[in-house]
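Notes follow the structure.
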Amino acid sequence: TNIILEPLRRVEAWFLRQVADAAQIAKDAGVPGVAVLGDTYHMYTEEPDDMAAFIAGGPFVKHVHLGNGTKRRLPGQDDHCHIKAMRGLKYIGYTEFLSYECGVDGDKAIEVPKSVAYLRKCWEEA
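Quick note on numbering: our numbering labels position 103 of the sequence shown as 103, and the sequence is numbered without any gaps.
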């Protein structure tokens with residue numbers, strides 16, 4: 001069995017709010033299968049720097065949720081930039097999944113491909 005720890009915004013959880021804290025718990029557990037999920041929506045509120053957060057999570061980061069920082073919409077649908085998050089992920093050699101956990105403003109058939117293109121551009125620029 002695997003366990004993944006997801007830090008949340010302070011209005012949703014009082015005990016686990018930053019990627020580094022989750023990584024420390026995973027490390028202290030000392031067993032394989034305890035990992036960290038970084039969620040850019042929660043990180044927008046709780047982390048001063050997305051790149052530093054993912055670097056602090058290091059090898060324990062095994063999944064990433066993507067959503068913008070204000071309304072939890074598709075990345076690219078507001079002014080929240082995901083380049084620093086992508087830099088952090090590249091730095092730690094992240095090769096696992098990125099998944100959307102957000103809503104969509106507008107027509108999904110148009111907005112989702114635009115968001116994917118935006119994220120690819122962020123990855124290239126990172």
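Glycine included, each C-beta is placed from N, C-alpha and C at the ideal position.
Worksheet item: Nearest to V36 by CA position, among E124, N2, C122, is which residue?
Response: The count along the sequence shown starts at 1 and reaches residue 36 at position 36. When only C-alpha atoms are compared, the closest one is N2.
Is G103 helix, strand or coil when you go by DSSP? The residue given as residue 103 occupies position 103 in the sequence shown. Secondary structure at G103: strand, using DSSP grouped into helix, strand and coil.
Leaving aside the five residues before and after I55 along the sequence, list all residues of the same chain whose C-beta is less than 8 Å from its C-beta, in chain order. On the sequence shown, residue 55 is found 55 positions in, with the first residue counted as 1. So the qualifying residues of the chain are G88, Y91, I92.
In three-state DSSP terms, what is G38? Within the sequence shown, numbered from 1, the residue matching residue 38 stands at position 38. Correct three-state label for G38: strand.
Can you find the residues in the same chain that come closer than 6 Å, C-beta to C-beta, to H82, ignoring five residues on each side of it along the sequence?
As a working note, residue 82 is residue 82 in the sequence shown. Contacts found: P75, C122.
Checklist entry - In chain order, what residues of the same chain lie with their CB nearer than 7 Å to the CB of G33, ignoring the 5 residues before and after it? => result One-based indexing of the sequence shown puts residue 33 at position 33. Excluding sequence neighbours, G33 sits near T1, N2, I3.
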